[in-house]
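Data first, discussion second: the structure below is written as structure tokens.
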Amino acid sequence: MHGLKIRLLVFPYLLAFLLAGCGGSNDGDAMAPPVTQPPTQPPTQPPAAGTPTLTRTTIASASNPWDLAFAPDGTMFYTERCAGLSVRMADGTVRRLFGNGSAAVAANDLFCEGQSGVHGVAVDPDFANNRFVYVYMLSNLSTPDTNRVVRLTVDSGYTTVSGRTDIITDISYKDVGNSHGGAGNHSGGRIRFGSDGLLYVTTGDNHNGPLPQDLTRLGGKVLRVNRDGTAASGNSTPSGGDARIFTYGHRNVQGIAFRPGSGQPFICEHGPGHTDEVTPIVAGGNGGWSPAPQAGVTCASNYCGYGSNRPDGALTRMTDLEVFPNAMRPSWTNGGSSQGMSPCTFISGSQWQSWEGRLLVGIMGGTRVELLQLDSIGMTTGNQSVSSLGGARVRSLVLGPDNALYTTTDAGEIWRVVAN
Ligand SMILES: [Ca+2]
């Protein structure tokens, strides 16, 4: 990594030096070919877009808020990991719609354990007509327990929900602890509608070695489904696999965002002590994560995610191009380290000035948010840490219908961040 970075930094200076040298030698070289003179009129430069000034306000407090989503009228839904789904009205009124305790509608099967509980929330693109909201949650309705995606219908006054429909009931869940941690680890759980109108669901590897490459089970995947949970067409799932699988070979994906213009999905994925990854994904793609032991290797609990799955003892790779040469290449890795990459979102809106079109990535353990600049194929060409979004474990990053940025933090706050 360092070698590459140094080369990239040095090259422009080297090029400038060589060009300057060429110009100098031409001055006294009678044999030099004629030089085409540059136009006397300097080329017109587009005005440089500025850096936005951010103003951050805490608009709500909550208990382990995990995700949030907006209705077209600006009403905000948010989840709390152990409580359920709430709504915050424009005037600041909060109502608990679905979950435990005082929620308008009880979810008696909901429980939280370890990292798991209520995670992502998504609003249907046709919410104005169907009033559908979707929640990713841990449930004890199946044996063993599973993560589910539940669809709810919200009433016109945002006072309650009805018509619970569990559209995905069989997302892998770590129901028993093992050598690598307790029950509830690595459940993924972000849900987002893409610009194709389909619902994307990110899942985790449950500290289970074979799971990410097992195409018959839903852990360590990105799913793509219709609003009733059936497989979307065009998923290109490899033969014999569950047709809901869009991509596989992932560790614990908790961020997904869609690039404005192309609509291409990018995932943001927590690494195993090294190599957090941002990756543009394509239908049928393999992320290249396989924490199962290779032949001749043994690992505690049959999971090599924190050590080596290889006979040579090298660390298990987040994208193993030796075993999976066609695996999807990451756009960015977090400097070779892993600090809990979780949410991400693309920035849009002219008030964001030079940031428009860039990808914001929350890194929880690093208590910082990185801003990535991408090239035309989605590879990262530059990154910077956004100091005004730092200092917290940012669990969610969502651009509201007002083009303000909204976040949840593990410390229990929901922020609104305005650019100007
Ligand atoms: Ca990967």
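For reference, each letter of the sequence shown is one residue, going 22 to 441 in the numbering used here.
Glycine residues also receive a C-beta, built at the ideal position from the N, C-alpha and C atoms.
Predicted model, so just to flag it, every value in this text is computed and none were measured.
Euclidean distance between Cα positions of residue i and residue j
i	j	result
Asp-423	Glu-343	45 Å
Asp-459	Val-126	Absent from the structure is residue 459, since the part of the chain shown begins at 22 and ends at 441.
Asp-217	Val-318	42 Å
Asn-129	Ser-123	12 Å
Ala-248	Gly-184	In the sequence under discussion, the amino acid at residue 248 is Arg, which differs from the Ala named in the question. Cα-Cα distance, rounded: 14 Å.
Leu-239	Asn-199	20 Å
Gly-202	Thr-224	17 Å
Tyr-179	Gln-374	34 Å
Asp-145	Ser-193	24 Å
Leu-159	Val-299	26 Å
Thr-430	Glu-391	15 Å
Ser-311	Gly-270	6 Å
Trp-353	Arg-272	16 Å
Pro-165	Val-197	10 Å
Gly-209	Cys-133	14 Å
Phe-345	Gln-234	11 Å
Ala-90	Met-97	6 Å
Ala-316	Asn-227	22 Å
Pro-86	Cys-103	9 Å
His-295	Ala-335	12 Å
Gly-284	Ala-149	22 Å
Asp-341	Arg-350	10 Å
Val-156	Asp-147	16 Å
Ser-322	Ser-359	22 Å
Arg-1	Phe-267	No information on residue 1 is available, as it lies outside the stretch 22 to 441 that the chain covers here.
Ile-398	Asn-307	18 Å
Ala-367	Val-419	According to the sequence displayed, residue 367 carries Phe and not Ala. For Phe-367 and Val-419, the distance between alpha carbons rounds to 9 Å.
Arg-152	Pro-93	11 Å
Asp-191	Leu-173	18 Å
Asn-347	Asp-176	47 Å
Cys-325	Thr-337	7 Å
Tyr-221	Arg-379	21 Å
Cys-320	Asp-333	14 Å
Lys-195	Arg-169	13 Å
Cys-365	Ser-107	22 Å
Asn-441	Ala-425	10 Å
Ala-204	Gln-372	44 Å
Residue i (DSSP reduced to helix, strand or coil)
i	result
Leu-232	helix
Leu-118	strand
Trp-373	helix
Ser-409	helix
Asn-150	helix
Ser-329	coil
Asn-323	helix
Gln-136	coil
Phe-32	Since pLDDT at Phe-32 reaches only 33, below the 50 mark, its modelled position is unreliable, and the value read off the structure follows with that caveat. Helix, per DSSP.
Asp-88	strand
Phe-345	coil
Thr-167	strand
Thr-429	strand
Leu-392	strand
Thr-96	coil
Leu-75	strand
Gly-276	strand
Trp-310	coil
Gly-403	strand
Pro-286	strand
Ala-204	coil
Tyr-194	coil
Leu-380	strand
Ile-368	coil
Leu-336	coil
Val-246	strand
Gly-361	coil
Val-415	strand
Asn-424	coil
Gly-215	coil
Cβ distance (whole Å) where residue i is taken to contact residue j below 8 Å
i	j	result
Arg-79	Val-439	The question names Arg, but residue 79 in the sequence shown is Thr. 13 Å between Cβ atoms; not a contact.
Val-139	Gly-120	7 Å
Cys-289	Met-339	Not quite, the Cβ-Cβ distance comes to about 12 Å (not below 8 Å), so this is no contact.
Tyr-427	Gly-433	With 8 Å as the limit, Tyr-427 and Gly-433 do not qualify as a contact, their Cβ atoms being about 15 Å apart.
Asn-206	Gly-135	6 Å
Gly-230	Ala-313	4 Å
Ala-81	Ile-302	The Cβ separation is near 32 Å, so there is no contact.
Contact with chain B by residue i, beta-carbon distance below 8 Å
i	result
Asp-187	This model lacks chain B altogether, as it is built from one protein chain only.
field: Touch test, the stretch 401-417 against the stretch 259-272, Cβ-Cβ under 8 Å, three pairs minimum
entry: no
- prompt: Does the stretch 269-289 come close enough to the stretch 205-222 to have 3 or more Cβ pairs within less than 8 Å?
  reply: yes
field: Within 7 Å of ligand 1: residues by beta-carbon to any heavy atom
entry: Gly-270, His-271, Glu-290, Glu-298, Thr-300, Gly-308, Gly-309, Trp-310, Met-339, Thr-340, Ala-348, Met-349 and Pro-351
message: Any contact between the stretch 411-422 and the stretch 375-391? By contact I mean 3 or more CB pairs, one from each, below 8 Å.
response: With a cut-off of 8 Å, the stretch 375-391 and the stretch 411-422 count as touching, because enough Cβ pairs lie within range.
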